[in-house]
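Structure first, commentary second.
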Amino acid sequence: MPFGFGRKKETQPAVSDATVAAADSRGPRPVRFHGLTEEWRLRGSMAVTGRLLDTLNRRDAIGLSDVTWAPLDGSGPFEPAPGIRTVDPYDLIVVIAGPETLATLDEDERSAHRIHKISFDVALQVPPLRVVGTVQLHPGSEPDGLLDRSTQMFVAVTNPTVWLGGVEVEVDEDADAALVNRFYLRGVEQVDLATGERHVRLPGTPLGGTTWRERT
Numbered sequence: 000m001p002f003g004f005g006r007k008k009e010t011q012p013a014v015s016d017a018t019v020a021a022a023d024s025r026g027p028r029p030v031r032f033h034g035l036t037e038e039w040r041l042r043g044s045m046a047v048t049g050r051l052l053d054t055l056n057r058r059d060a061i062g063l064s065d066v067t068w069a070p071l072d073g074s075g076p077f078e079p080a081p082g083i084r085t086v087d088p089y090d091l092i093v094v095i096a097g098p099e100t101l102a103t104l105d106e107d108e109r110s111a112h113r114i115h116k117i118s119f120d121v122a123l124q125v126p127p128l129r130v131v132g133t134v135q136l137h138p139g140s141e142p143d144g145l146l147d148r149s150t151q152m153f154v155a156v157t158n159p160t161v162w163l164g165g166v167e168v169e170v171d172e173d174a175d176a177a178l179v180n181r182f183y184l185r186g187v188e189q190v191d192l193a194t195g196e197r198h199v200r201l202p203g204t205p206l207g208g209t210t211w212r213e214r215t
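If you read the sequence shown in numbering that gives the first Met the number 0, its first letter stands for residue 0, the second for the next number, and so on.
As structure tokens, then:
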């Protein structure tokens, strides 16, 4: 007798459209890829599940399609590169993350991401590039700690500008972050985002005396 023959079938609970949509949004989806190596800029399409940052930090080879490439210094236009079908995250210095690379979070995950972090405006030296923007670190952490060994291969820099020498490298207009490979990181500076340079220390020394707080 076939399994289940003659048995009363149990009624399956209805699945809401919202649940289906959430599951779809958390499955593999195509996103734009824009990566910078020591000599090249690569553009194409890749499939990602969850966040692009998490995908890179798994350190697995990334499958690509519709790849074009151009010299990093802008000396030539983007041209088709059909022979490039995968890229090793170890070869990528910076990957540009757009809004579509962010994952949809459930309520528990949102709560976990609400853990308070401190913003630091920094310049990261990843030769031959320099990335200026903002990093989010846990309380008690300092930007110099990014130079230490970590299980996290890439760190997200928001409001990014990317520089090659004194020339700004064009990134996507809707870029949410530059994901920087810490293995290439050679220096970290806290800077003024407006100038991309260290904060200027005002000349002179405190004059001393009694402050208004001490008088109240």
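Beta carbons: idealized from backbone N, C-alpha and C, even for Gly.
Would you kindly work out how many angstroms separate the C-alpha atoms of residue i and residue j, rounded to a whole number?
i	j	result
R197	T133	14 Å
D171	Y183	22 Å
P56	L163	Per the sequence presented here, residue 56 reads as Asn, with Pro not at that position. The alpha-carbon atoms of N56 and L163 are separated by roughly 24 Å.
V47	R31	10 Å
W68	P142	32 Å
V187	G144	9 Å
P27	E99	12 Å
S44	Q151	23 Å
G165	P76	20 Å
L192	D90	28 Å
H115	A80	43 Å
G195	V168	14 Å
R58	F119	26 Å
D147	P29	33 Å
P54	E78	Sequence check: residue 54 is Thr here, not Pro. For T54 and E78, the distance between alpha carbons rounds to 26 Å.
A155	S149	14 Å
Would you mind stating whether residue i and residue j have Cβ atoms separated by less than 8 Å?
i	j	result
V93	V121	no
G73	A174	no
V130	V190	no
I95	H33	yes
L123	L35	no
Please check the pair residue i and residue j, which I expect to be a contact at CB under 8 Å, by giving their CB distance rounded to whole angstroms.
i	j	result
L52	F153	6 Å
L101	R50	6 Å
Exercise. Looking at C-beta atoms only, is the number of pairs between the region 150 to 160 and the region 176 to 185 that lie closer than 8 Å three or more?
Worked result: yes
Exercise. Any chance the region 28 to 45 sits against the region 133 to 147, with 3 or more Cβ pairs inside 8 Å?
Worked result: no
Exercise. Can you give, in chain order, each stretch of the beta strand (DSSP E) that sits fully within the region 110 to 173 and has at least 3 residues?
Worked result: 117 to 125, 128 to 136, 153 to 163 and 166 to 168
Problem set entry | Length-filtered (4 minimum) alpha helix (DSSP H) runs lying within the region 47 to 94 | 51 to 56
Exercise. Are the region 79 to 88 and the region 56 to 67 in contact at 8 Å, needing three or more beta carbon pairs?
Worked result: yes
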